[in-house]
Amino acid sequence: MSKIYQHIKEEAYLANMQLPELNLVVFTFGNVSAADRDLKVFAIKPSGVPYKYLTPDKMVIVDFDGNTVEGALRPSSDTKTHAVLYKHWDHINGIVHTHSTYGTAWAQTQRDIPIYGTTHADHATSDIPCAPPMDDDMIKGNYEYETGFQIMNCLKDKGLSYQEVEMILVGNHAPFTWGKTAEKAVYNSAVLETIAQMAFLTEQINPKALKLKDSLIRKHYERKHGVDSYYGQ
Numbered sequence: 015m016s017k018i019y020q021h022i023k024e025e026a027y028l029a030n031m032q033l034p035e036l037n038l039v040v041f042t043f044g045n046v047s048a049a050d051r052d053l054k055v056f057a058i059k060p061s062g063v064p065y066k067y068l069t070p071d072k073m074v075i076v077d078f079d080g081n082t083v084e085g086a087l088r089p090s091s092d093t094k095t096h097a098v099l100y101k102h103w104d105h106i107n108g109i110v111h112t113h114s115t116y117g118t119a120w121a122q123t124q125r126d127i128p129i130y131g132t133t134h135a136d137h138a139t140s141d142i143p144c145a146p147p148m149d150d151d152m153i154k155g156n157y158e159y160e161t162g163f164q165i166m167n168c169l170k171d172k173g174l175s176y177q178e179v180e181m182i183l184v185g186n187h188a189p190f191t192w193g194k195t196a197e198k199a200v201y202n203s204a205v206l207e208t209i210a211q212m213a214f215l216t217e218q219i220n221p222k223a224l225k226l227k228d229s230l231i232r233k234h235y236e237r238k239h240g241v242d243s244y245y246g247q
């Protein structure tokens, strides 16, 4: 096995192992990938392997067209979705897919997650989008490949940037998140699950709850991500 891929195998392995620790997956559900832009490849979890049996060397190396470059095991069944996003979005180096409880529940309703509070606004300035379910031709065709385009087209149709909104729901399916690193993508996955749970509880307490006003959205987002941000050290 080539040593040139060891760094992304390690990154992907460590990020994948965070998913069960954060209660974002059960059994073999979910996957994380870590990309190297210079080598034009990414490392991803092998399909169907329980987390307790994972090692860095079991990560599979795949190119941005979805072809396996190195690895004895089959890559995740969602590999083509990851490949599509890496190929078209130049500024991401990590992707996560889970079936976390609250995020998936919202995806199954085919609803965007409304921006009800400042926890949400700390991470996005819009509702968390939900891509519409695919039509029958897309499902019967190259399903995982089409999922990638469904994600990209949803953001485009809503006028959202993947660099600002780093999370999405795929209707009737589950969440995907991404980031500049695999670790950041996992962070975004945990944030999405928290926001989804908070939104669910908000609507249980008050079905007529109002969305956050724009001035408060901008304040919370800009203090953390803006040019003059002052959150953190």
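Be aware that the sequence shown starts at 15, since it is given in this note's numbering, and climbs by one per residue.
Note that the Cβ used here is the ideal one computed from N, Cα and C, for glycine as well.
List, from N- to C-terminal side, the alpha helix (DSSP H) runs of 4 residues or more that fit wholly inside the segment 62-129. Inside the segment 62-129, DSSP marks whole alpha helix (DSSP H) runs of 4 or more residues at positions 93-102, 115-123, from first to last along the chain.
Within 10 angstroms of its Cβ, does T69 collect 16 or more other Cβ (buried), or is it exposed? Under this definition T69 is an exposed residue.
Report task. Flag this pair as yes or no: are the beta carbons of Y254 and A135 separated by less than 7 Å? Result -> A query on residue 254 cannot be resolved here, the shown segment of the chain reaching from 15 to 247 and no further.
Which two residues bound the contiguous beta strand (DSSP E) that contains G44? Counting along the chain, G44 falls outside any beta strand (DSSP E), and DSSP gives it neither H nor E.
Decide if A86 is buried, meaning its Cβ has at least 16 other Cβ atoms within 10 Å, or exposed. The residue in question, A86, is exposed, as its Cβ has fewer than 16 Cβ neighbours within 10 Å.
Where the beta strand (DSSP E) containing I58 begins and where it ends: For I58, the enclosing beta strand (DSSP E) covers residues 55-58.
inquiry  = For the structure I just gave you, are there three or more beta carbon pairs, one from the segment 86-104 and one from the segment 158-174, closer than 8 Å?
reply    = A contact exists between the segment 86-104 and the segment 158-174.
request  = Leaving out five residues on either side along the sequence, give the residues of the same chain with a beta carbon under 7 Å from the beta carbon of E84.
outcome  = Same-chain partners within the cutoff: M15, S16, Y19, I75.
Task: Minimum C-alpha distance to L33 - residue among R125, A196, V179 - done: Comparing C-alpha distances from L33 to each of R125, A196, V179 shows the shortest one belongs to A196.
For the alpha helix (DSSP H) that contains G162, what are its first and last residues?
Looking at the DSSP string, the run of the alpha helix (DSSP H) that includes G162 is 157-171.
TODO: Would you kindly work out how many angstroms separate the C-alpha atoms of A57 and A49, rounded to a whole number?
DONE: Going by the C-alpha atoms only, they are around 6 Å apart.
Can you name, in chain order, every residue of its own chain whose Cβ lies under 7 Å from the Cβ of L230, other than the five neighbours on each side?
If you ignore the 5 residues before and after L230, its C-beta comes within less than 7 Å of the C-beta of T132, A135, all in its own chain and listed in chain order.
Close beta carbons around G62, own chain, < 6 Å, minus the five adjacent residues each side | Excluding its 5 nearest sequence neighbours in each direction, G62 has C-beta neighbours in its own chain below 6 Å: T42, listed in chain order.
Could you tell me which of F163, E207, S140 sits nearest to L174, measuring between CA atoms?
Of F163, E207, S140, the residue nearest in Cα terms is S140.
Checklist entry - Taking K227 as the reference, which of G246, L215, A121, Y130 has the closest Cα? => result Of the residues G246, L215, A121, Y130, the one whose Cα lies closest to the Cα of K227 is Y130.
Could you say which of G44, F163, Y116 lies nearest to K101 if we only look at CA atoms? The residue with the shortest Cα to Cα distance from K101 is F163.
**OP:** Could you spell out where the alpha helix (DSSP H) holding L206 opens and where it closes?
**Re:** Boundaries of the alpha helix (DSSP H) around L206: 196-219.
| said: Beta-carbon within less than 7 Å of P128's beta-carbon, same chain only, minus the 5 sequence neighbours each way: which residues are those? | reply: Around P128: D141, A213, K225.
Just to confirm the assignment, what range does the beta strand (DSSP E) spanning M181 have? Where M181 is concerned, the enclosing beta strand (DSSP E) stretches over 181-184.
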